[in-house]
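*Asks:* Have a look at this one before I ask anything.
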Amino acid sequence: MVIAVSEAGGLGSLPCALLGADDARAELRKIRQGTSKPINVNFFCHRPPRAEEAREAAWRKRLSPYYLELGLDPDAPPPRAVRTPFDEPMCDVVVEFRPEVVSFHFGLPDKSLLTRVRATGAKILSSATSVDEARWLEDQGCDAIIAQGYEAGGHRGMFLSEDVSRQAGTMALVPQVVDAVKVPVIAAGGIADARGIVAAFALGASAVQLGTAYLFCPEAIISPVYRQALRAAKDDATTVTNVFTGRPARAFTNRLIREIGPLSDVAPAFPLASGPVLPLRSKAEAAGSGDFSPLWSGQAAALGRELPAGELTKRLAGEALALFVK
Ligand SMILES: Cc1cc2nc3c(=O)[nH]c(=O)nc-3n(C[C@H](O)[C@H](O)[C@H](O)COP(=O)(O)O)c2cc1C
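In our numbering, each residue's number is its place in the sequence shown (first place is 1) plus 75.
Below, the structure is given as structure tokens:
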């Protein structure tokens with residue numbers, strides 16, 4: 076997908092939050108062989124949580140009825156949560172492959188890591204979900220700010236606040252961020268067709284970032300239940316929940332969200348909540364059910380089209396340009 080998007084004139088992005096350094100290296104080797112166009116490599120940069128025995132035990136207890144229902148042993152040690160923040164080994168990968176753009180989610184990494192990234196010549200981006208976060212990122216030297224509205228699929232990039240009830244939508248957030256910072260602003264959240272792109276530019280954005288729309292592409296590595304949920308998507312199909320990882324993220328509303336969420340006090344800190352959910356997810360998905368899967372999606376999923384990623388990129392750009400000149 077990264078190759079196809081970059082070849083089509085977009086900025087293909089490789090998300091590395093779920094990859095180890097060697098996996099990222101292997102992906103980047105393939106990508107650099109497949110395109111000489113600019114690419115973006117993306118990392119999470121959360122603070123690793125302290126282990127909280129009691130909280131994690133309470134979470135496992137909360138999930139144990141589902142373990143029993145699915146024929147799993149609730150006392151078996153759960154798999155480890157897999158998301159690791161950007162660190163020295165990942166930074167070595169950046170230095171080796173020199174992606175033209177490096178983006179972060181949940182703020183920015185420590186100064187020493189950021190300095191090493193900057194020394195590669197990469198443009199540095201990060202997501203802001205509020206004007207305060209945008210200003211903070213600009214002060215730290217970000218080259219552009221991704222303004223992530225509440226409509227967006229996946230994790231909220233929020234890092235200065237934990238209160239999701241105060242998060243602004245894209246329409247309100249983008250112009251306020253544009254007014255607050257001098258660097259270019261990239262609009263994200265709920266943009267899935269040419270109308271959304273043109274609207275974002277009218278709000279002052281210099282670019283757009285689309286996530287959910289690309290889940291429809293054949294290149295997206297997603298499960299059959301995920302694809303089914305995308306095809307059935309409606310405007311009101313998603314919820315912001317912390318039950319899958321411990322951090323708020325927008326996903327298709329499913330059984331786990333409905334029954335123990337959407338925002339649970341019991342869920343341990345990011346990413347520790349995800350470990351005990353994994354066995355439930357695997358067992359249910361094997362039986363064709365998405366009841367326990369994090370089906371990340373933004374609010375505009377129903378606008379998605381099943382096109383190859385390169386074709387989608389070209390069509391979106393062409394259709395947006397046509398709307399501009401109208
Ligand atoms: C399936 C999925 C996975 C995502 N993973 C990441 C990620 O790893 N890093 C990141 O910075 N943002 C991630 N996002 C958020 C996107 O960067 C972006 O903010 C969002 O997709 C924009 O809203 P939209 O989904 O309505 O297009 C993800 C979004 C989705 C839908």
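By construction, the Cβ of each residue, glycine as well, lies at the ideal position given by its N, Cα and C atoms.
CB-CB under 6 Å to residue 350, same chain, minus the five flanking residues each way: which ones, in chain order?
*Replies:* 153, 154, 155, 156
*Asks:* Any idea what DSSP makes of residue 199, helix, strand or coil?
*Replies:* DSSP, reduced to helix, strand and coil, places residue 199 within a strand of the structure shown.
*Asks:* Can you tell me which residues form a DSSP beta bridge with residue 149?
*Replies:* Partner(s): none; residue 149 has no beta bridge.
*Asks:* By DSSP, does residue 325 sit in helix, in strand, or in coil?
*Replies:* strand
*Asks:* The alpha helix (DSSP H) that contains residue 108, what's its start and end?
*Replies:* 96-109
*Asks:* Who's in the neighbourhood of ligand 1, going by beta-carbon under 5 Å from any heavy atom, listed in chain order?
*Replies:* In chain order, the residues positioned with their C-beta nearer than 5 Å to some heavy atom of ligand 1 are 90, 92, 117, 180, 223, 227, 228, 229, 263, 264, 265, 285, 286, 287, 371, 373.
*Asks:* Check residue 271 in the structure and name its three-state DSSP category.
*Replies:* helix
*Asks:* Give me the Cα-Cα distance between residue 386 and residue 83, rounded to the nearest whole angstrom.
*Replies:* 7 Å
*Asks:* Using three-state DSSP, classify residue 126 as helix, strand or coil.
*Replies:* coil
*Asks:* My assumption, with CB atoms under 8 Å, is that residue 123 sits in contact with residue 164. Please give the rounded CB distance.
*Replies:* Not a contact, Cβ separation roughly 14 Å.
*Asks:* Might you give, ordered along the chain, the residues of its own chain that have their beta carbon closer than 7 Å to the beta carbon of residue 130, omitting 5 neighbours on each side?
*Replies:* 343
*Asks:* Which residue from 76, 158, 79, 281 puts its Cα closest to that of residue 220?
*Replies:* The closest CA to that of residue 220, considering only 76, 158, 79, 281, is found on 281.
*Asks:* Since residue 119 is in the beta strand (DSSP E), which residue starts that stretch and which ends it?
*Replies:* Where residue 119 is concerned, the enclosing beta strand (DSSP E) starts and stops at 114-119.
*Asks:* Identify, in the order they occur along the chain, each residue of the same chain with its Cβ nearer than 7 Å to the Cβ of residue 347, setting aside the five sequence neighbours on each side.
*Replies:* 124, 131, 156, 321
*Asks:* Using only the alpha-carbon positions, how far apart do residue 389 and residue 285 sit?
*Replies:* 13 Å
*Asks:* Out of curiosity, what's the CA-to-CA distance linking residue 397 and residue 277?
*Replies:* 14 Å
*Asks:* Going by the DSSP bridge assignment, what does residue 87 pair with across the sheet?
*Replies:* 114
*Asks:* Please report the straight-line C-alpha distance between residue 178 and residue 233, rounded to a whole angstrom.
*Replies:* 14 Å
*Asks:* Beta carbon of residue 93, beta carbon of residue 173: below 8 Å?
*Replies:* No, these two residues do not count as a Cβ contact at 8 Å.
*Asks:* Quick test of your reading: residue 374 and residue 265, contact by CB under 8 Å. State the CB separation rounded to the nearest angstrom.
*Replies:* 5 Å
*Asks:* Can you tell me which residues form a DSSP beta bridge with residue 192?
*Replies:* Paired residues: none, contrary to the question.
*Asks:* Ends of the alpha helix (DSSP H) at residue 388?
*Replies:* Run containing residue 388: 384-400, per the alpha helix (DSSP H) assignment.
*Asks:* What is the rounded straight-line gap between the Cα of residue 394 and the Cα of residue 400?
*Replies:* 10 Å
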